[in-house]
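Novice:
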Amino acid sequence: MSTAGPDVRARIDSVWEQLSPAERRVAAMVRHDPELLLVGTSAELAAESGTSKATVSRLVRSLGFQDAAEVRQNLMSARGSGLPWVAEDAAHVDQRAVEARNLDAAFASLGRADRPRLARRIVRARRVLVLGERGAYPIALQLRSQLAQVRSDVRVGPSPGQRLGEEVADLDRHDLVVLVTVRRHTAGVERIVRHCVDSGADVVVLGDPTAAVIAAPATTAILCPVDSPSAFDSMAALFAVVAAITNDVYYASGPGGRVRVDAVATAYDALGELAAP
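241 is the number that full-length UniProt numbering gives to position 241 of the sequence shown; each next residue is one higher, with no gaps.
#1: Within the same chain, show all residues whose beta-carbon is closer than 6 angstroms to that of L63, passing over the 5 residues directly before and after it, in chain order.
#2: Measure the CB-CB distance between L129 and E167 and report whether it falls below 8 angstroms.
#3: Check whether the Cβ atoms of A243 and N102 sit closer than 8 angstroms, and answer yes or no.
#4: Kindly list the residues whose CB is nearer than 7 angstroms to the CB of G82, restricted to its own chain and excluding five residues on each side of it in sequence; keep chain order.
#5: Quick one: grab the DSSP three-state call for D202.
#6: So the candidates are F232, Q18 and R9; which of them puts its Cα closest to the Cα of M29?
#7: Got a sec? Which residues, its chain only, sit under 6 angstroms from L131 by beta carbon, not counting five neighbours each side?
#8: Check whether the region 121-128 touches the region 188-197, taking contact to mean three or more Cβ pairs, one atom from each stretch, closer than 8 angstroms.
#9: Would you grab the beta carbon distance between L176 and D198 for me? Rounded to a whole angstrom, and I think it's under 8 angstroms.
#10: Report the residue from S253, D208, I214 and S228 whose alpha carbon sits nearest the alpha carbon of L110.
#11: Look at the alpha carbon of R58 and the alpha carbon of A69, and state the distance between them as a whole number of angstroms.
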């Protein structure tokens, strides 16, 4: 295959749904830092991802390369063309182009989740619990804030001073959980997903591509790249997807959602909580 083809990240995006969980674990690392395939051996990448050399080899072939040597040739060609596939001096990178790629991949993942059906599931759930820790907490808080405008009984956890066990103890099949997780993931997040699934709750995982394996037991996974040319990840695609999900829920909720929005606005006015526009 010609090395003039799509870059490694684009190739990963195009075959993501066909990869096994182990291959996704490697692919998520490579998507974040393609240089791992350039400077490391298959054995080193397998060890770092907790997989095997055979898994790395299968991923390489899934991406359309014959072997690791062809991958390195492709990456050297990309480096020569100046493509920003690792963190660089942000002043010399078109960050808007990076964000555009992130948004394209995020909304493609959201589309695969069947947006209309996802919105109906959120509307019909007895309760919605949104979970997020560390860098995921602001995203979880935004999702909860917007969903609470449209439907009742939307919680966010963990609450200050609480642990997640207190939030998930009484879940059942009538509930829906959205677990938000982004790298670096908190210890035990896979156990939380499994616990929520075992409770019978409908579970959605919203995260970056490194959450693919974490999300395996869930009903739905929505994966949004957080790539950035600077030192810090960009959460723009995740927040955009949150806005899209909550807009979908608003329209799916019908008259009941509009009544809820009016009731919240009336309460704001009665309490004098918001400044006049």
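Glycine included, C-beta positions come from ideal geometry on N, C-alpha and C.
Note that the coordinates shown come from a computational prediction; the quantities given were computed from them, not determined experimentally.
Specialist: Based on what the coordinates show:
#1: R11
#2: yes
#3: no
#4: Residue placement at G82 is poorly supported in this model, since its pLDDT is 43, which falls under 50; the coordinates still yield a value, given next. Answer for G82: no residue qualifies.
#5: strand
#6: R9
#7: G157 and L179
#8: no
#9: L176 to D198, Cβ: 15 angstroms. No contact.
#10: D208
#11: 14 angstroms
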